[in-house]
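**Q** This structure is in structure tokens; I'll ask about it shortly.
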Ligand code: SDX
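Numbering (this note's numbering), first residue to last: 12 to 439.
Given below as structure tokens:
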């Protein structure tokens, strides 16, 4: 028997069912609230509002727990690989060797994109931000695969779209980088694994032989695992709400890429490095920047710090911080901004303003330092986030569709003018 919440208002009392999840999270189900009471709820930013029930990812913000389909992120980052984690998120179970091999092979043989897509790419000036290029190229897949627009497409057709997305996003990401550099694009190499193929498409140059560094490929694979899903964050909620109108999965993922781009969300990894560089240029005065972050009159925020859900350490940040030390040591890279980041973290964790607001480093605080060491330019960092988040977006879109969720359409409280008559131009 589910529990009941009682609401009393205007002399009436309403009973609302309470839903409980598998991790004992409880939610008041307000599906019938307006019908019973005429009331709606109001929660800008949905800070206290659940939009769905999902079996994909579990977060505990107070304890700093992150699990994909029940598996701790620490185990997956240590023992798994990105394609296996992608399979887990999308299908719900870890694959057998045969399932894994089929999934990997399917993706490998869909990495090539229609040659006409280069005409779209060529239309972008080299100053175009790679995130804008990426969302445009992904949305262009609706033109090359028009059957994806059919709201009644079969499950097999949806799975083919999913494979195409997993396979072609790395190609588009590398092409967006080449467009920015003014270099010729590289075509996929089907003899390479997912991350090695991406690195070669990114960095191979016509005049030189490119060898993938296995240290870099492994570090990239771990970073992609850490970014793969994160329950109902801003970009995932965007993917779900666009998909809820029965728009194609390509249009939904393209929308998610655009939502991720913002500096408060996935764009933070780029902003963190820009912030650390500014502090370095400014003589490394971390205290001045902490004071700016605490000053209500200063729009500056400590990028890479704080989180809507984590009120403890973001478990991903812990793993990335450790990986940053290891990767830079292995590559023999000495990056002064890593020391500035550690100094900033230390100071913030001991500052009452940050302690009171439970602001800890999030996934974006250290990731840019590794991306930089891997040779990835700053304005490609959020593209890397999108590469990692793609299987999560796909899994969430698929779950929304399989659960036949209704089109997303929130209510509002109107605060504008009351009814008034039209006045002719001369009488205003
Ligand atoms: C990601 O949702 C996800 O799961 C996202 C993500 C994922 O995997 O999908 O984890 C990825 O987006 C990580 C977050 C990356 N963004 C940043 O690092 C940008 C800097 N951080 C913030 O802007 C902020 O912390 C947010 C956006 C992440 C969360 O904002 P909230 O939950 O809306 O909290 P808030 O803005 O209401 O802040 C609460 C208080 C405020 O102070 P008071 O008004 O109470 O005095 O904390 C302050 C804020 O001013 N605050 C900060 C701060 N973050 C919050 N002050 C200084 N520096 C910061 N970074």
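Ideal Cβ positions, reconstructed from N, Cα and C, are used throughout, including at glycine.
1. Using only the alpha-carbon positions, how far apart do residue 190 and residue 333 sit?
2. Would you say residue 373 touches the ligand SDX, meaning its beta carbon is less than 7 Å from a heavy atom?
3. Under a Cβ-count criterion, where at least 16 other Cβ atoms within 10 Å of its own Cβ denotes burial, should residue 179 be classed as buried or exposed?
4. What's the call for residue 115, buried or exposed, on a 16-neighbour Cβ count within 10 Å?
5. Quick one: what's got a C-beta closer than 6 Å to residue 201's C-beta in the same chain, skipping five residues either side?
6. Since residue 323 contacts residue 81 with CB under 8 Å, what's their CB separation in whole angstroms?
7. Would you tell me roughly how many angstroms separate the C-alpha atoms of residue 417 and residue 18, rounded to the nearest one?
8. Would you decide whether residue 356 is buried or exposed? Buried here means 16 or more other CB atoms lie within 10 Å of its CB.
9. Would residue 8 pass as a contact of residue 314 if the rule is Cβ separation under 8 Å?
10. Is DSSP giving residue 161 helix, strand or coil here?
11. Touch check for the region 233–252 and the region 270–278: three-plus C-beta pairs under 8 Å?
12. When every heavy atom of the ligand SDX is checked, does at least one fall within less than 7 Å of the C-beta of residue 78?
13. Look at the alpha carbon of residue 67 and the alpha carbon of residue 352, and state the distance between them as a whole number of angstroms.
14. Is residue 25 helix, strand or coil when you go by DSSP?
15. Pick from 363, 266, 262: whose alpha carbon is nearest that of residue 304?
16. Hey, could you find the ends of the alpha helix (DSSP H) residue 79 is sitting in?
17. I'd like the ranges of any alpha helix (DSSP H) spanning at least 4 consecutive residues and lying wholly in the region 160–235.
18. I'd like to know whether the C-beta atoms of residue 100 and residue 403 end up nearer to each other than 8 Å.
19. Smallest Cα separation from residue 415: which of 317, 163, 266?
20. Mapping DSSP to helix, strand and coil, what is residue 316?
21. Sorry if obvious, but does the Cβ on residue 245 come closer than 7 Å to a heavy atom of the ligand SDX?
22. Using only the heavy atoms of the ligand SDX, determine whether one of them is closer than 7 Å to the beta carbon of residue 87.
**A** Let me spell this out:
1. By 1-based counting over the chain shown, the position of residue 190 is 179. By 1-based counting over the chain shown, the position of residue 333 is 322. Straight-line spacing of the CA atoms in residue 190 and residue 333 works out to 33 Å.
2. For this step, residue 373 is matched to residue 362 along the chain shown. Yes; taking the cut-off as 7 Å, the Cβ of residue 373 has a heavy atom of the ligand SDX nearer than that.
3. Translated into the one-based positions of the chain shown, residue 179 becomes position 168. Per the 10 Å Cβ criterion, buried.
4. Here residue 115 is taken as the residue at index 104 of the chain shown, counted from 1. Burial call: buried.
5. Numbered from 1 along the chain shown, position 190 holds the residue referred to as residue 201. Result list for residue 201: 119, in chain order.
6. The residue you call residue 323 lines up with position 312 of the chain shown. The residue you call residue 81 lines up with position 70 of the chain shown. Approximately 20 Å separates the beta-carbon atoms of residue 323 and residue 81; this is outside 8 Å, ruling out the contact.
7. Position 406 of the chain shown, counting from 1, holds the residue named residue 417. Position 7 of the chain shown, counting from 1, holds the residue named residue 18. Rounded to the nearest whole angstrom, the C-alpha separation of residue 417 and residue 18 is 26 Å.
8. Start at 1 with the first residue of the chain shown, and residue 356 comes out as number 345. Under this definition residue 356 is a buried residue.
9. The structure shown has nothing for residue 8, since the chain only spans 12 to 439.
10. As a first step, residue 161 must be located in the chain shown, where it is residue number 150. Coil at residue 161, not helix or strand.
11. By the Cβ criterion, the region 233–252 is in contact with the region 270–278, since at least three pairs of Cβ atoms, one from each stretch, lie closer than 8 Å.
12. In the chain shown, counting from the first residue as 1, residue 78 sits at position 67. Here the distance from the Cβ of residue 78 to the nearest heavy atom of the ligand SDX is not below 7 Å.
13. To locate residue 67, count along the chain shown from 1; it is residue 56. To locate residue 352, count along the chain shown from 1; it is residue 341. Using only the alpha carbons, I get a separation of about 32 Å.
14. Taking the first residue of the chain shown as 1, we reach residue 25 at position 14. Three-state DSSP puts residue 25 in a strand.
15. Your numbering for residue 304 matches position 293 in the chain shown. The alpha carbon of residue 304 has as its nearest neighbour, out of 363, 266, 262, the alpha carbon of 363.
16. The residue labelled residue 79 in the question sits at position 68 within the chain shown. Annotation: residue 79 is outside any alpha helix (DSSP H); the continuous beta strand (DSSP E) that includes it extends over 76–79.
17. Listed in chain order, the complete alpha helix (DSSP H) runs (minimum 4 residues) inside the region 160–235 are 166–192, 205–214.
18. In the chain shown, residue 100 corresponds to position 89, counting from 1. In the chain shown, residue 403 corresponds to position 392, counting from 1. Going by C-beta atoms, residue 100 is nearer than 8 Å to residue 403.
19. For this step, residue 415 is matched to residue 404 along the chain shown. Residue 163 is the option with its Cα nearest to residue 415.
20. Taking the chain shown and counting its residues from 1, one reaches residue 316 at position 305. In the three-state reduction of the DSSP assignment, residue 316 falls in the strand class, which pools E and B.
21. In the chain shown, counting from the first residue as 1, residue 245 sits at position 234. Annotation for residue 245 indicates a beta carbon within 7 Å of some heavy atom of the ligand SDX.
22. Along the chain shown, one-based indexing puts residue 87 at 76. For residue 87, the distance from the CB to the nearest heavy atom of the ligand SDX is not below 7 Å.
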